[in-house]
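A.B. asks: From first to last, the protein sequence lines are chains A and B.
Here the first sequence stands for residues 76 to 422, where the numbers follow the working numbering.
Here the second sequence stands for residues 76 to 422, where the numbers follow the working numbering.
Protein chains: 2
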Amino acid sequence: MPNIRDVARHASVAPMTVSRVINQPDSVAPETRERVEASIAALHYVPNRLGQGLRSKRTMVIALVVSDISNPFAIKQILGVGNAARAHGFNVIFTHTNASPTDERAQLRSLVERRVDGVVLSPVENTPDSIEFLQSQGLPVVVVDYPMPDNDVDIVRCDSVSAADHLTKRLLDLGHTRISMISGQKSIVTARERAEGYATAMKAAGLDTDVHFGEFSPESGYRLTAQLLDRASAPTAIVTANNFIALGAARAAVAAGVSVPGQLSLSTFDGLGTDLVLDPFFSGASQPVEQIASIATTMLLERVMGQYTGPGREVVLPMEFVDRTSTGPAPAQHGDRTGRSSPVSDR
Amino acid sequence: MPNIRDVARHASVAPMTVSRVINQPDSVAPETRERVEASIAALHYVPNRLGQGLRSKRTMVIALVVSDISNPFAIKQILGVGNAARAHGFNVIFTHTNASPTDERAQLRSLVERRVDGVVLSPVENTPDSIEFLQSQGLPVVVVDYPMPDNDVDIVRCDSVSAADHLTKRLLDLGHTRISMISGQKSIVTARERAEGYATAMKAAGLDTDVHFGEFSPESGYRLTAQLLDRASAPTAIVTANNFIALGAARAAVAAGVSVPGQLSLSTFDGLGTDLVLDPFFSGASQPVEQIASIATTMLLERVMGQYTGPGREVVLPMEFVDRTSTGPAPAQHGDRTGRSSPVSDR
DNA sequence: CTGTTAGCGCATTCAT
DNA sequence: ATGAATGCGCTAACAG
């Protein structure tokens, strides 16, 4: 593989001139330039970015670190970051951490070794030390989909609290009064926020809340929903904190012979995309994931290219609300009329 | 950011000793080693792989180039490649080419500039020149999911022809005789192969074939299926060449009031995963995508690490056949009994 | 407009 | 077991 000196020799110029032809063509006389270009073509010369990076202290590579790739989410993040990066001449190293802090730390170190110019971080659990590690190495970081109130870092996210509030209000508007909430791991901020927004709306309506924390998985959603449907006064609507839980809930409804939305309405966060689903089904709120990723990348590159050097910025985007077929009016009331009188178990 | 000389000075040793502590700890006296390690920790030194790579001609980075990321396929490829690479200490640069040859070429060049150690290539259309470009630069390449008979390159894939043959036979075994095939772009090998396997089975059974080439999209699947169902003697089963087409076909059946699998059986390639689908539905054949990616990566790394230097290898894995709910026995025959007597339009 | 010098961080080679 | 010299490919800074 030829290097810049081989090309220089072939074109009878100095290596520096070859470099200029590549990076600042206008600063080279047309005839010289053409000769150099001919040599580049003749030798099939491809510049080595390792050398460039060593010299210029810039690799033109950013990293996207995603904690969980099993969520369809991840694809959109990859798309958003990839396209935005490409538009600025950057490549993307993609890594996923299996939601393991140990893995995450190892990945981040590896990225520092490669001297990536910046990192877009999509954490599951709160890992301020990861951010501090990167920042201590002088690396620009942008966090997506995750609030980090105590860190001076750029963030792009949606407001889960207000979205959950709004989502719940929509169910209230449909006449539901016995509305339960099934969320994910209590250790995950998003799970808490979505439960909080739900609670806000319920309390504002003077209704009792019924929150269940489990996991962000179909199994957990199934189990908790089955328990709810088994109760004497089952809810007429359930808010689920993400698509996996919603899926489990829907399956539990089917298994229990409960019709959706006839007897039970389901409203969820981050419903499945319509692309690959036979019958678009889940109503709810979803984040503009690709846009979030794109904005985050642009912000990151602003820092990388020194166009912005101020304190951490926070961009909060609105969620999108969609009505599909998993929600409907509350069923006509029969049996007990006072859903709120029944004591709420929290198992 | 400290470099190896800073560490050396701090530990009162030569830079070379620091290098040895990092790369061959056993060749350094324990006391010296500990002193160096202390300095590394004190200075938060992280080795710079750019320097390493420049020297050693090895970056420990491979690339995964995927043509179309919109297919759920892609995620599994990312997982398979990522995990296998990580197990050997390699990072992965992920790029997608939007199924555009121009994009692909630009991406590949960028990867060569970064001196990645190898490339896993998942093409849509046949691009022997991409492979030749990479190989001309001395880069190891492995192609996944794509036959490349005329190139001396490693390949890991499934046998679409025999899988289509088998798939069709299963429908024949269910008593179907009027079976149509809806495939993708005729320019895509996979589309042709799957049609070919279908035709083989039909001919072997002494039945007429009915192949329709369109696109690998729900829209195309919908349109072609609608046309088929509109015919005087509509098929009782359709084989679709991928999940997008199957989705369109299923929607067309719903729109036409045709029950699946009561009146129409649908059998497809690469059916949707069960993870995110409410009712696992499509019967058919699917490729062990993650395994393919994993094997491909291992083969690539064998070349990268010089453990294998021979000619191109080809690994052909069996597809997995699943029976879900989109296929069933042929409906009892009424009206015309001789499906094969009706002339076959090929629009 | 073009060339020379020097050094980015590291590891191979040879010496001690 | 440790160190010194050298060069991987490239470009900033300075000549000319």
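Ideal placement from N, C-alpha and C gives every residue a C-beta, glycine not left out.
Leaving aside the five residues before and after R206 (chain A) along the sequence, list all residues of the same chain whose C-beta is less than 8 Å from its C-beta, in chain order.
C.D. replies: Taking the first sequence and counting its residues from 1, one reaches residue 206 (chain A) at position 131. Per the sequence presented here, residue 206 (chain A) reads as Ile, with Arg not at that position. So the list reads L196, V216, V218, M223, N226 and V228, once near-sequence residues are dropped.
A.B. asks: What's the C-alpha gap between K261 (chain A) and V314 (chain A)?
C.D. replies: Start at 1 with the first residue of the first sequence, and residue 261 (chain A) comes out as number 186. Start at 1 with the first residue of the first sequence, and residue 314 (chain A) comes out as number 239. Roughly 16 Å separates the two Cα atoms.
A.B. asks: Strictly under 9 Å for the Cβ-Cβ distance: is T402 (chain A) near chain B by that measure?
C.D. replies: What you label residue 402 (chain A) is simply residue 327 of the first sequence in a count that begins at 1. Not an interface residue.
A.B. asks: Where R161 (chain B) and D204 (chain A) are concerned, what is the direct C-alpha to C-alpha distance, given to the nearest angstrom?
C.D. replies: Start at 1 with the first residue of the second sequence, and residue 161 (chain B) comes out as number 86. Start at 1 with the first residue of the first sequence, and residue 204 (chain A) comes out as number 129. Roughly 23 Å separates the two Cα atoms.
A.B. asks: DSSP three-state call for V111 (chain B): helix, strand or coil?
C.D. replies: The residue you call residue 111 (chain B) lines up with position 36 of the second sequence. Reduced to three states, the DSSP call for V111 (chain B) is helix.
A.B. asks: Assuming Y273 (chain B) and A324 (chain B) form a contact by the criterion Cβ under 8 Å, report the distance between their Cβ atoms to the nearest whole angstrom.
C.D. replies: Here residue 273 (chain B) corresponds to residue number 198 of the second sequence, with the count starting at 1. Here residue 324 (chain B) corresponds to residue number 249 of the second sequence, with the count starting at 1. Going by Cβ atoms, the distance from Y273 (chain B) to A324 (chain B) rounds to 14 Å, so no, they are not a contact pair.
A.B. asks: Given E395 (chain A), which residues of its chain have a CB within under 8 Å of its CB, disregarding the five upstream and five downstream residues?
C.D. replies: What you label residue 395 (chain A) is simply residue 320 of the first sequence in a count that begins at 1. Answer for E395 (chain A): A360, S361, Q362 and P363, listed in chain order.
A.B. asks: Please state whether the Cβ-Cβ distance between F165 (chain A) and G157 (chain B) is less than 9 Å.
C.D. replies: Here residue 165 (chain A) is taken as the residue at index 90 of the first sequence, counted from 1. Here residue 157 (chain B) is taken as the residue at index 82 of the second sequence, counted from 1. No, the pair does not count as a contact, with Cβ atoms beyond the cut-off.
A.B. asks: At a Cβ cut of 8 Å, what residues of the stretch 131-150 of chain B count as close to chain A, listed as they run along the chain?
C.D. replies: The residues in question are T134, V136, I144, S145, P147, A149 and I150.
A.B. asks: With distances taken from CA atoms, which of A:E294, A:G250, A:G259 and A:V236 is nearest T275 (chain A)?
C.D. replies: The residue given as residue 275 (chain A) occupies position 200 in the first sequence. Measuring from the Cα of T275 (chain A), the nearest candidate turns out to be A:V236.
A.B. asks: Out of A:A159, A:N98, A:V136 and A:P176, which has the shortest C-alpha to C-alpha gap to I367 (chain A)?
C.D. replies: For the purposes of this step, residue 367 (chain A) is identified with residue 292 of the first sequence, where counting begins at 1. I367 (chain A) has its Cα closest to that of A:A159, out of A:A159, A:N98, A:V136 and A:P176.
A.B. asks: Please report whether the beta-carbon of R80 (chain B) lies at a distance below 9 Å from any beta-carbon of chain A.
C.D. replies: Along the second sequence, read from residue 1 onward, the residue named residue 80 (chain B) stands at position 5. So no, R80 (chain B) is outside the interface.
A.B. asks: Could you check if Q182 (chain B) is buried or exposed, using at least 16 other CB atoms within 10 Å of its CB as the buried criterion?
C.D. replies: Here residue 182 (chain B) refers to the residue found at position 107 of the second sequence. Under this definition Q182 (chain B) is a buried residue.
A.B. asks: Using a Cβ-Cβ cut-off of less than 9 Å, list which residues of the stretch 215-226 of chain B approach chain A; keep chain order.
C.D. replies: If the cut-off is 9 Å between Cβ atoms, the stretch 215-226 of chain B has nothing near chain A.
A.B. asks: V167 (chain A) versus chain B: which residues are under 9 Å apart at the beta carbon?
C.D. replies: Counted from its first residue, the first sequence places residue 167 (chain A) at position 92. Correct list: I168, F169 and T170.
A.B. asks: With 9 Å as the threshold, decide whether the Cβ of S185 (chain A) is near any Cβ in chain B.
C.D. replies: Locating residue 185 (chain A) in the first sequence gives position 110, where the first residue counts as 1. Chain B, which has a Cβ nearer than 9 Å to the Cβ of S185 (chain A), makes this yes.
A.B. asks: Tell me the DSSP bridge mates of I313 (chain A)?
C.D. replies: As a position in the first sequence, residue 313 (chain A) is number 238, starting the count at 1. I313 (chain A) pairs with A:S255 and A:L341.
A.B. asks: Determine whether the Cβ of L129 (chain A) lies closer than 9 Å to any Cβ atom of chain B.
C.D. replies: In the first sequence, the residue the question calls residue 129 (chain A) occupies position 54. By this cut-off, L129 (chain A) is an interface position.
A.B. asks: With respect to the alpha helix (DSSP H) encompassing L322 (chain A), which residues constitute its N-terminal and C-terminal limits?
C.D. replies: The count along the first sequence starts at 1 and reaches residue 322 (chain A) at position 247. Looking at the DSSP string, the run of the alpha helix (DSSP H) that includes L322 (chain A) is N318 to A330.
A.B. asks: DSSP has F165 (chain B) in a bridge; who is on the other side?
C.D. replies: As a position in the second sequence, residue 165 (chain B) is number 90, starting the count at 1. According to DSSP, F165 (chain B) bridges with nothing at all.
A.B. asks: Would you check if there are 3 or more beta carbon pairs closer than 8 Å linking the stretch 95-111 of chain B to the stretch 104-122 of chain A?
C.D. replies: Taking 8 Å as the limit for Cβ pairs, the verdict is that the stretch 104-122 of chain A does not touch the stretch 95-111 of chain B.
A.B. asks: Quick one: list the residues of chain A neighbouring E290 (chain B), beta-carbon separation under 7 Å, in chain order.
C.D. replies: The residue you call residue 290 (chain B) lines up with position 215 of the second sequence. In chain order: nothing, as chain A lies at least about 15 Å away.
A.B. asks: The beta strand (DSSP E) spanning D229 (chain B) covers which residue range?
C.D. replies: Residue mapping note: residue 229 (chain B) aligns to position 154 of the second sequence, counting from 1. Counting along the chain, the beta strand (DSSP E) containing D229 (chain B) begins and ends at D229 to C233.
A.B. asks: What does DSSP give as the partner residue(s) for G359 (chain B) in the beta ladder?
C.D. replies: Position 284 of the second sequence, counted from the start, is the residue given in the question as residue 359 (chain B). DSSP output for G359 (chain B) lists B:T343 and B:V397 as bridge partner(s).
A.B. asks: How far does the beta strand (DSSP E) with I137 (chain A) in it extend, from its first residue to its last?
C.D. replies: On the first sequence, position 62 is the one that residue 137 (chain A) refers to. It spans V136 to V141 - the beta strand (DSSP E) in which I137 (chain A) sits, taken as one unbroken run.
A.B. asks: Can you name the start and end residues of the alpha helix (DSSP H) that V217 (chain B) belongs to?
C.D. replies: What you label residue 217 (chain B) is simply residue 142 of the second sequence in a count that begins at 1. No alpha helix (DSSP H) contains V217 (chain B), which is instead part of the beta strand (DSSP E) from V216 to V219.
A.B. asks: Would you list the one or two residues that DSSP bridges to L196 (chain B)?
C.D. replies: Counted from its first residue, the second sequence places residue 196 (chain B) at position 121. Paired residue(s): B:V140 and B:V218.
A.B. asks: Specify, as a first and last residue, the run of the alpha helix (DSSP H) that F208 (chain A) falls within.
C.D. replies: Residue 208 (chain A) sits at position 133 when you count from the first residue of the first sequence. Looking at the DSSP string, the run of the alpha helix (DSSP H) that includes F208 (chain A) is P203 to S211.
A.B. asks: Check whether the Cβ of N123 (chain B) lies closer than 9 Å to any Cβ atom in chain A.
C.D. replies: To locate residue 123 (chain B), count along the second sequence from 1; it is residue 48. Answer yes: the Cβ-Cβ gap between N123 (chain B) and chain A drops below 9 Å somewhere.
A.B. asks: In chain order, what residues of the same chain have a beta carbon less than 6 Å from the beta carbon of A149 (chain A), not counting five sequence neighbours either side?
C.D. replies: Within the first sequence, numbered from 1, the residue matching residue 149 (chain A) stands at position 74. Once the five neighbours on either side are set aside, the close Cβ partners of A149 (chain A) are V141.
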